[in-house]
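Single-structure report; data block below.
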Amino acid sequence: MAENSGTDDEAGVFRALADPTRRQILEDLRGGELAAGEISGRFTISAPSVSRHLGVLKAAGLVRERRDGNRILYTLVEERLAASVGRFLSMVCPEQIVLRHQRRKNESGESTE
6 MAENSGTDDE
16 AGVFRALADP
26 TRRQILEDLR
36 GGELAAGEIS
46 GRFTISAPSV
56 SRHLGVLKAA
66 GLVRERRDGN
76 RILYTLVEER
86 LAASVGRFLS
96 MVCPEQIVLR
106 HQRRKNESGE
116 STE
């Protein structure tokens, strides 16, 4: 049952990533924390629509929000995004695990023979 929960949890990440507006929001947040109004100002869609997109991203654990007075500030949760996509790629492309292991060995100076 715990395995299903993790799968459902990651499905939420991929559902969130399926929308180009949400992907653009994540890309914008790579530069650092942004206020909801700043994010909304970057799009031609309505502020309530952007707010819904931010809610989906938050529910998926891809963004974190905090209040600063009357502003809501959003931050990208990079580790969540990387872990979810990384696990998926490892399942679909298991050779990536071997390549990653070899790269770590090379970086640490160990012999690959």
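My numbering numbers the first residue of the sequence shown as 6 and each following residue consecutively. Note that beta-carbon positions come from the ideal geometry of N, C-alpha and C, so glycine has one too.
The C-beta distance from isoleucine 30 to isoleucine 44 rounds to 6 Å, short enough to fall under 8 Å. A straight-line Cα-Cα distance of about 32 Å links arginine 72 and arginine 92. With a cutoff of 9 Å on beta-carbon distance, leucine 81 and glutamate 70 are scored as not near each other. Residue Ala23 holds the alpha-carbon nearest to the alpha-carbon of leucine 62 among Glu112, Gln107, Gly114 and Ala23.
For threonine 26, the enclosing alpha helix (DSSP H) has its first and last residue at 25–34. Separation of the CB atoms of alanine 52 and arginine 76 is rounded to 13 Å, and the pair is thereby denied contact status at 8 Å.
Shown here for valine 18: same chain residues with a beta carbon closer than 6 Å to its own, the five before and five after excluded, namely Ala65 and Ser89 in chain order. Looking at Leu94, Ala87, Glu83 and Thr26, the one whose alpha-carbon comes closest to that of glutamate 38 is Glu83. In terms of Cβ geometry, leucine 86 and leucine 59 do not form a close pair [threshold 9 Å].
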